[in-house]
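Novice: Going by full-length UniProt numbering, the first residue of the sequence shown is number 1, and it counts up by one from there. Beta carbons: idealized from backbone N, C-alpha and C, even for Gly.
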Amino acid sequence: MQLSKEMNKTLYRIGYTKPTPIQEQTLPALLEKKDLIGLAQTGTGKTAAFMIPILENIFPPNRKVQALILCPTRELAMQTAKVAAELSAHLKGVRIVSVYGGQPAGIQIKALRTGAQIVVGTPGRLKDLINRKVLKLKNVRTVVMDEADEMLDYGFLGDMKEILSAVPEQRQTMLFSATMNKEITAIAGQFQKDPVRVKIGGQNRPVETVSQAYMQTKRKSNAVCGLIGRCAPRLTLVFCNTKRKVKELQKELFHRGLASACLHGDMRQKERDTIMNTFRKGKTRVLIATDVAARGIDIDKIDLVINYDVPDKPDYYVHRIGRTGRAGKDGKAYTLITPREHGKIKDLERKLHIRISREKNEEEANREAVS
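As structure tokens, this is what we get:
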């Protein structure tokens, strides 16, 4: 690919030796500044797919905002900014600022006034800063809507339209989403010009690098401990359907000698950030979370995902197990069920067109070994 020598050196230094399918299929069009719709699951390498062209076309001496990236969650905004910082190591003077709710706006306003070429943020906070006339868009030449379907789920449609309407028409617009629905089609039709379309894998299906299995058990907390002991993962993410279950499971694991942290919607941003930092650094190796609280988590070291509860929706299942097996790496995902929940597994298989293998629990495996 026609990348600068400096970019190639940076990619090699941080371990990018081979492009992922989404990068291979989108980079040529994006480097030519074409609009694009990319349909791909999380963990496929799409952040680098849109960030590399942005950095190749950025003009560092100009401290005005040149690229605007919209993300559904503060965690994804922070992670995207981190990737941008890594990829821009060879560019002197490039500043990336992430803006999102849950943090005092004053800190972000100060960062923007210092100057930044790339701004990453959630639609609500971006709109607020635009209305305050702190975030100025007249120099923006690239806009990215990352995980557009997630932003719609959060109710950001109105904010997205307002932001896109405020950006100069002479721009490159990229849209990335796991799914394509009527609202996303309408946004693309209104704000993009002859976009190139790229689709990686099936929509609403788990990535192929994740091995999936379900396990029937009457004692799910025991099964969680057993799977962690057997798989020896670097980091484990456990999903529960409710905040109450998250708290209960944390207590049960503690009584079994397994330390963990929990993440749910009642937490303040500062507490949430502390938990995520300790998990990311491996100081806490097990994190228990609800679906909403875990959105936007992007950590390569998650080797194991456990669905303590069968997810309520097929999309949630795809999102959950997509936290592992990221960027082409292998991952494992187990779903724990009671004897009455076999129908839920069959329902997931039917709706997602996948096969989830059955794995013996420890009692079954021990009985088989004895016999």
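1. Which two residues bound the contiguous beta strand (DSSP E) that contains CYS262?
2. With ARG285 and LEU235 assumed to form a contact (beta carbons below 8 Å), what rounded beta-carbon distance in angstroms separates them?
3. Taking only runs that begin and end inside the stretch 124 to 161, name each unbroken alpha helix (DSSP H) of 4 or more residues, in chain order.
4. Answer with buried or exposed for ASN307, where buried requires no fewer than 16 other C-beta atoms within 10 angstroms of its C-beta.
5. Does SER177 come out as helix, strand or coil in the three-state DSSP assignment?
6. Are the stretch 218 to 226 and the stretch 239 to 259 touching by the rule of at least three beta carbon pairs closer than 8 Å?
7. Give every residue of the same chain whose Cβ lies closer than 6 Å to the Cβ of ILE228, excluding the five residues on either side of it in the sequence, and list them in chain order.
8. Relative to the alpha-carbon of ALA294, which residue among PRO72, GLY331, THR26 has its alpha-carbon at the smallest distance?
9. If we require 3 or more residues per run, which beta strand (DSSP E) segments fall completely within the stretch 54 to 129?
10. Relative to the C-alpha of PRO233, which residue among MET174, ARG256, ILE302 is closest?
11. Report the rounded CA-to-CA distance for ALA289 versus ILE275, giving the unit in angstroms.
12. Buried or exposed: which applies to CYS262, given that a residue is buried once 16 or more other Cβ atoms fall within 10 Å of its Cβ?
13. Among all the DSSP beta bridges, which residues are the ones paired with SER357?
14. In three-state DSSP terms, what is ALA29?
15. Pull the bridge partners of LYS334 from the DSSP assignment, please.
16. Check whether the Cβ atoms of GLY101 and GLN269 lie closer than 9 Å to each other.
17. Give me the Cβ distance between ALA67 and THR142, rounded to the nearest whole Å; I'm assuming they're in contact under 8 Å.
18. Pairing CB atoms from the stretch 177 to 188 with CB atoms from the stretch 145 to 158, are three or more of them under 8 Å?
19. Helix, strand or coil for THR284, going by three-state DSSP, please let me know.
20. Across which residues does DSSP place ILE37 in a beta bridge pair?
21. For THR236, which beta-bridge partners are listed by DSSP?
22. Classify ALA48: buried if its beta carbon has 16 or more other beta carbons within 10 angstroms, exposed otherwise.
23. Could you check which residue in LYS283, PRO311, PHE191 has the C-alpha nearest to that of LYS245?
24. Measure the beta-carbon distance from PRO60 to LEU31 and round it to whole angstroms, keeping in mind my assumption that it falls under 8 Å.
25. Can you tell me the Cα-Cα spacing of MET39 and GLN117, whole angstroms?
26. CB-CB under 8 Å to ASP159, same chain, minus the five flanking residues each way: which ones, in chain order?
Specialist: If we stick to the structure as given:
1. By 1-based counting over the sequence shown, the position of residue 262 is 262. Boundaries of the beta strand (DSSP E) harbouring CYS262: 261 to 263, taken from the DSSP string.
2. Your numbering for residue 285 matches position 285 in the sequence shown. Your numbering for residue 235 matches position 235 in the sequence shown. Rounded to the nearest angstrom, the Cβ distance from ARG285 to LEU235 is 6 Å, consistent with a contact under 8 Å.
3. Counting only runs of 4 or more, we get 148 to 153.
4. Here residue 307 refers to the residue found at position 307 of the sequence shown. When all chains shown are included, ASN307 counts as buried.
5. Within the sequence shown, the letter at position 177 stands for residue 177. Taken through DSSP and simplified to helix, strand or coil, SER177 comes out as strand.
6. Judged by Cβ distances under 8 Å, the stretch 218 to 226 makes contact with the stretch 239 to 259, as three or more pairs qualify.
7. Stepping through the sequence shown from its first residue, residue 228 is reached at position 228. Residues THR236 of the same chain have their beta carbon placed closer than 6 Å to that of ILE228, with the five preceding and five following residues left out of the count.
8. Taking the sequence shown and counting its residues from 1, the one referred to as residue 294 is at position 294. The option with the nearest alpha carbon to ALA294 is PRO72.
9. 67 to 70, 96 to 99, 118 to 121, all fully within the stretch 54 to 129.
10. Here residue 233 refers to the residue found at position 233 when the sequence shown is read from its first residue. For the residues MET174, ARG256, ILE302, the minimum Cα distance to PRO233 belongs to ILE302.
11. In the sequence shown, the residue the question calls residue 289 occupies position 289. In the sequence shown, the residue the question calls residue 275 occupies position 275. Per the coordinates, the alpha-carbon of ALA289 lies some 11 Å from the alpha-carbon of ILE275.
12. Numbered from its first residue, the sequence shown carries residue 262 at position 262. Answer is buried; the Cβ neighbour count reaches 16.
13. Indexing the sequence shown from 1 puts residue 357 at position 357. Partner(s): ALA213.
14. Taking the sequence shown and counting its residues from 1, one reaches residue 29 at position 29. Helix.
15. As a working mapping, residue 334 is identified with position 334 in the sequence shown. Sequence check: residue 334 is Tyr here, not Lys. In DSSP, TYR334 forms a bridge with ALA213, ILE306.
16. Locating residue 101 in the sequence shown gives position 101, counting from the first residue. Locating residue 269 in the sequence shown gives position 269, counting from the first residue. In this structure, the beta-carbon distance from GLY101 to GLN269 falls below 9 Å.
17. Indexing the sequence shown from 1 puts residue 67 at position 67. Indexing the sequence shown from 1 puts residue 142 at position 142. Between THR142 and ALA67 the Cβ distance is about 4 Å, and since that is below 8 Å, they are a contact.
18. Output reads yes: the stretch 145 to 158 touches the stretch 177 to 188.
19. Indexing the sequence shown from 1 puts residue 284 at position 284. DSSP places THR284 in coil when its eight states are reduced to three.
20. Taking the first residue of the sequence shown as position 1, residue 37 is located at position 37. Among the bridge pairs identified by DSSP, ILE37 is matched with LEU175, ARG197.
21. Numbered from its first residue, the sequence shown carries residue 236 at position 236. Answer is VAL286, LEU304, bridged to THR236.
22. Counted from its first residue, the sequence shown places residue 48 at position 48. Under this definition ALA48 is a buried residue.
23. Reading the sequence shown from its first residue, position 245 is the one you call residue 245. The alpha carbon of LYS245 has as its nearest neighbour, out of LYS283, PRO311, PHE191, the alpha carbon of PRO311.
24. As a working mapping, residue 60 is identified with position 60 in the sequence shown. As a working mapping, residue 31 is identified with position 31 in the sequence shown. Their Cβ separation, rounded to whole angstroms, is 18 Å, which puts PRO60 and LEU31 out of contact at 8 Å.
25. Within the sequence shown, residue 39 is the residue found at index 39, counting from 1. Within the sequence shown, residue 117 is the residue found at index 117, counting from 1. The displayed chain sequence assigns Leu, not Met, to residue 39. Looking at the two C-alpha atoms, the distance is approximately 27 Å.
26. Position 159 of the sequence shown, counted from the start, is the residue given in the question as residue 159. Excluding positions up to five away in sequence, the list reads PRO123, GLY124, LEU126, LYS127.
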